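Worksheet: the structure to be examined is printed underneath.
Protein chains: 2
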Amino acid sequence: MWETALTNPPNGAARRLAFLLKLIGDGPPRFALGDLAARAGLPQSTVHRNLQALIEFGLVERSGSQSYRIGRELQRIASRLLQRFDLVRAAQPLLAELVGNWHETAVLCTYSPIERRVVIAESVCTPHPLRFAIENGMEIGLVWGSLGRAVLAFLPPGEIELVLRDPSVGPLTGRPRMPRDDLLEELDAIREQGFSRYYEPQMEIAGIAAPVFGPEGEVLGCVGVTMPSSRYRNHLEDDLVDAVCAAGRHLSGLAAVSPA
Amino acid sequence: MWETALTNPPNGAARRLAFLLKLIGDGPPRFALGDLAARAGLPQSTVHRNLQALIEFGLVERSGSQSYRIGRELQRIASRLLQRFDLVRAAQPLLAELVGNWHETAVLCTYSPIERRVVIAESVCTPHPLRFAIENGMEIGLVWGSLGRAVLAFLPPGEIELVLRDPSVGPLTGRPRMPRDDLLEELDAIREQGFSRYYEPQMEIAGIAAPVFGPEGEVLGCVGVTMPSSRYRNHLEDDLVDAVCAAGRHLSGLAAVSPA
DNA sequence: GGTCAATTTCCGCCATATGGAATTTTGATT
DNA sequence: AATCAAAATTCCATATGGCGGAAATTGACC
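Protein sequences appear in the order of chains A and B.
Numbering-wise, the first sequence is residues 0 to 259 according to numbering that gives the first Met the number 0.
Numbering-wise, the second sequence is residues 0 to 259 according to numbering that gives the first Met the number 0.
Quick look at the structure:
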């Protein structure tokens with residue numbers, strides 16, 4: 000699962016350190032030099048040298064003779080950062096409330112601006128037996144569905160452009176890609192209304208999602224509710240929209256205040 | 000508060016990046032280039048160049064024209080790390096329970112192996128009006144008190160040695176430093192018993208603390224209960240010791256399992 | 001004790017980090 | 001608008017320190 004190096008490693012000591020640190024943070028809690036070198040696509044001696052630097056600052060520690068682990072300093076910094084504001088923790092009661100009121104799966108997604116990916120950070124499942132298999136860490140396409148578009152619409156124009164040009168964001172469902180102009184119009188509507196809705200009876204999935212903003216207006220992710228489209232029409236659409244939007248605004252508000 | 004550069008900045012791009020990243024993580028959520036350069040004790044052009052590397056990987060982002068902020072990638076990694084195991088969060092119910100049962104202030108401390116410092120990560124105050132002013136982030140001396148010694152005793156021998164040699168860990172209270180051999184003996188006893196007790200009637204503070212270990216036996220910090228020594232004798236000592244030790248073992252157990 | 005795989009050290013080459021100075025951008029003030 | 005001071009950014013000559021292949025070492029597993 001954590002084997003191949005997808006991207007070419009950067010050059011320069013500083014860039015490589017940042018690159019390795021992210022690889023380590025996204026990887027398993029313990030790892031061997033060889034594994035990391037393979038994942039990074041770098042020679043072992045290079046990775047070894049950089050690990051020495053990370054160890055010197057406590058960001059990585061040795062764990063036994065042939066493995067490394069995430070260091071206590073990194074844990075400390077992570078803890079400090081999330082003490083200011085932890086989106087996932089803040090969202091949990093809101094997701095629970097959405098499920099409690101509407102009995103449909105509620106999801107929090109976070110956006111990674113570097114990878115330009117949206118992933119599921121937390122979810123609370125509907126009690127209905129018919130539901131989608133949702134798992135934390137699952138990637139959500141930026142151009143399909145309510146969750147992806149709730150994020151995409153509020154990215155800076157340049158970033159939207161890059162996403163649309165990216166050939167890798169293709170039609171996952173085998174469907175032809177929506178014409179570019181139609182999508183741009185759709186995104187305008189989402190910006191205007193402040194939320195995204197995805198409901199086409201012939202598609203099996205429907206949902207409503209609202210963006211979550213950070214203190215400077217940057218998109219942190221989105222909250223939303225998803226369901227099989229067969230159940231969508233059972234709900235009072237306006238009330239559901241209001242509930243989701245309120246959750247999004249609430250989280251944005253918390254994010255704006257917390258970082259002091 | 001965040002102004003002076005205490006330590007000399009390291010040389011080499013990799014080391015400097017790690018150094019800066021820690022400075023950023025420990026600093027305010029937004030900062031200016033000049034501030035960071037001053038805190039780092041490095042020329043602005045150097046810091047600027049390194050910030051470019053961090054920005055490229057999303058660990059830092061621009062926030063307006065004259066300030067930077069912590070990046071969403073760093074937040075993401077922090078969130079990922081703490082999702083595996085968040086010591087502070089795991090400790091909260093235990094601290095509450097200790098206070099509920101004993102009505103004395105319960106504290107969680109974390110240990111930073113690089114700075115060789117113990118700081119208060121979380122605390123729940125006693126309902127008694129007579130109590131110590133305790134604040135998150137406060138530093139605890141390693142050689143004085145139950146909390147510091149509960150950590151110190153379980154560090155690797157070499158690390159203990161370094162702490163004892165460190166002239167900066169002096170007698171904070173103005174008291175003469177305990178003779179080295181007496182302290183080593185005390186630490187032996189703490190290791191033997193699995194907890195530390197600090198109660199000398201002539202001192203004003205008393206407490207009991209137990210270490211918290213990570214998955215490989217490294218010391219993460221300690222949990223403890225502190226009180227004015229005047230109240231210490233009101234308690235059933237053995238039961239209090241058992242409660243604190245149970246909390247320490249419980250947290251160590253959680254830490255051992257979670258990181259899979 | 002032997003074997004193999006993984007880590008760590010070594011070293012000559014040269015890419016790139018370095019920081020002072022120059023230039024540009026910003027935003028405060030009138 | 002125009003002006004100015006302060007902050008950020010770019011530039012550049014220098015040489016430090018990063019680079020990775022290969023050799024030496026260590027540790028794991030039989």
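Glycine is no exception: its CB is placed at the ideal position from the N, C-alpha and C atoms.
The structure presented is a predicted model; accordingly, all values stated were derived computationally and were not measured.
Report task. Pair every Cβ in the region 114 to 122 of chain B with every Cβ in the region 133 to 147 of chain B, then say whether three or more of these pairs are closer than 8 Å. Result -> Using a C-beta cut-off of 8 Å, the region 114 to 122 of chain B makes contact with the region 133 to 147 of chain B, since at least three inter-stretch Cβ pairs fall below that distance.
Requested in this report: Mind listing the chain A neighbours of B/S111? Cutoff is C-beta to C-beta under 9 Å, in chain order.
Outcome: Neighbours of B/S111 on chain A, chain order: G57, R71, E72 and R75.
Report task. Taking only beta carbons into account, state which residues of the region 15 to 36 of chain B come closer than 8 Å to chain A, listed in chain order. Result -> Result list: R15, L16, A17, F18, L20, K21, G24, D25, P27, P28 and R29.
Query raised in the report: Beta-carbon separation of B/V243 and B/A188 under 8 Å?
Result: Contact: no.
Query raised in the report: Alpha carbon to alpha carbon, what distance is there between B/Q201 and B/R79?
Result: Rounded to whole angstroms, B/R79 to B/Q201 spans 47 Å at the Cα level.
Query raised in the report: DSSP beta-bridge partners for B/Y197?
Result: Looking at the DSSP output, B/Y197 shares a beta bridge with B/G206.
Query raised in the report: Between A/S145 and A/I133, is the Cβ-Cβ spacing less than 8 Å?
Result: For A/S145 and A/I133, no; Cβs fall outside 8 Å.
Report task. Determine the burial state of B/M177: buried for a count of at least 16 other Cβ atoms within 10 Å of its Cβ, exposed for fewer. Result -> Flag for B/M177 reads exposed.
**Report entry** Pair within 8 Å by beta-carbon distance, B/A39 and B/L19
**Finding:** The answer is yes: Cβ separation under 8 Å.
Query raised in the report: Leaving out the 5 sequence neighbours to the left and right, which residues in its chain are closer than 8 Å to A/E212 when beta-carbon positions are compared?
Result: It should be noted that the sequence gives Phe, not Glu, for residue 212 of chain A. Non-local beta-carbon contacts of A/F212 in its own chain, meaning distances under 8 Å to residues more than five positions away in sequence, involve F153, V218, L219, S251, A254 and A255 in chain order.
Query - Per-residue DSSP class, three states only, for B/L50 - result: Helix at B/L50.
**Report entry** Residues near B/W1 in its chain [Cβ-Cβ closer than 8 Å; skip 5 each side]
**Finding:** Any answer about B/W1 is weak, because its pLDDT of 43 lies below 50 and its placement is not dependable; what the coordinates show is given next. Here the set comprises G26, P27, D34 and R38.
Query raised in the report: A/V87 touches chain B at which residues, Cβ-Cβ below 8 Å?
Result: Neighbours of A/V87 on chain B, chain order: S78 and Q82.
**Report entry** Segments of 4+ residues assigned as alpha helix (DSSP H) that fall wholly inside the region 214 to 245 of chain A
**Finding:** Listed in chain order, they are 228 to 231.
Query raised in the report: Sorted by chain position, which residues of the same chain lie with C-beta nearer than 8 Å to B/A259's C-beta, five sequence neighbours on each side aside?
Result: Here B/A259 scores only 45 on pLDDT, less than 50, and its place in the model should not be relied on; the value that follows carries that caveat. Leaving aside the five residues that flank B/A259 on each side, the residues in its chain whose CB is nearer than 8 Å to its CB run, in chain order, R83.
Query raised in the report: Run through DSSP, which three-state label would B/E55 get?
Result: B/E55: helix per DSSP, three-state reduction.
Query raised in the report: For B/L161, which residues in chain A fall below 7 Å Cβ to Cβ?
Result: The contacting residues do not exist; B/L161 stays about 14 Å from chain A at best.
Query raised in the report: Is there a Cβ from chain A that is less than 8 Å from the Cβ of B/R68?
Result: With its beta carbon less than 8 Å from one in chain A, B/R68 belongs to the interface.
Report task. Identify the contact partners of B/G144 in chain A, using a Cβ-Cβ distance below 7 Å as the criterion. Result -> Those do not exist, as B/G144 stays about 21 Å from chain A at its closest Cβ, beyond 7 Å.
Requested in this report: Assess, as a yes-or-no matter, whether the region 41 to 53 of chain B is touched by the region 92 to 110 of chain A under the definition of 3 or more beta carbon pairs within less than 8 Å.
Outcome: Note that the region 92 to 110 of chain A does not touch the region 41 to 53 of chain B; fewer than 3 beta-carbon pairs, one per stretch, sit closer than 8 Å.
Query raised in the report: With distances taken between CB atoms, is the gap from B/T104 to B/T225 smaller than 8 Å?
Result: Their beta carbons are under 8 Å apart, which means B/T104 touches B/T225 by this criterion.
Query raised in the report: Any C-beta of chain B sitting closer than 8 Å to the C-beta of A/S228?
Result: Interface flag for A/S228 against chain B is unset, since no Cβ pair is found closer than 8 Å.
Query raised in the report: Taking the C-alpha atoms as reference points, what is the distance between B/N233 and B/G216?
Result: Distance between the alpha carbons of B/N233 and B/G216 is about 34 Å.
**Report entry** Nearest-angstrom Cα separation, counted from B/D241 out to B/V98
**Finding:** Each residue's alpha carbon lies about 14 Å from the other.
Report task. Give a yes or no on whether 8 Å exceeds the smallest Cβ distance from A/S64 to chain B. Result -> So no, A/S64 is outside the interface.
Query raised in the report: Of all the CB atoms in chain B, is at least one closer than 8 Å to the CB of A/N7?
Result: So no, A/N7 is outside the interface.
Requested in this report: With a cut-off of 8 Å on the beta carbons, I'd call B/R71 and A/P112 a contact; round off their distance for me.
Outcome: That pair is a contact at about 6 Å.
Query raised in the report: What does B/N49 touch in chain A if you count any residue whose Cβ is under 8 Å from its own?
Result: Listed along chain A, the residues sitting closer than 8 Å to B/N49 by beta-carbon distance are A13.
Query - Distance, B/A31 Cα to B/S66 Cα - result: Approximately 5 Å between the Cα atoms of the pair.
Query raised in the report: Is B/E138 close to chain A, meaning its C-beta is less than 8 Å from at least one C-beta of that chain?
Result: Using a Cβ-Cβ cut-off of 8 Å, B/E138 does not count as an interface residue toward chain A, since no Cβ of chain A sits closer than that to its own.
Query - Alpha carbon of B/R248 to alpha carbon of A/R15, nearest angstrom - result: Near 39 Å, if we compare the C-alpha coordinates of A/R15 and B/R248.
Requested in this report: Taking B/L107 as the reference, give the member of B/G223, B/D165, B/L161 and B/I23 with the closest Cα.
Outcome: When only C-alpha atoms are compared, the closest one is B/G223.
Query raised in the report: Can you find a CB in chain A that lies within less than 8 Å of the CB of B/E215?
Result: Closer than 8 Å to some Cβ of chain A, the Cβ of B/E215 qualifies, so yes.
Query - Heavy atom of the ligand MN within 7 Å of B/N10 beta-carbon - result: This structure lacks the ligand MN, and indeed carries no ligand of any kind.
Query - Residue span of the alpha helix (DSSP H) that contains B/L107, given as start and end - result: First-last for B/L107: T104 to S111, but that is the beta strand (DSSP E), not the alpha helix (DSSP H).
Requested in this report: Quick one: grab the DSSP three-state call for B/F30.
Outcome: Secondary structure at B/F30: strand, using DSSP grouped into helix, strand and coil.
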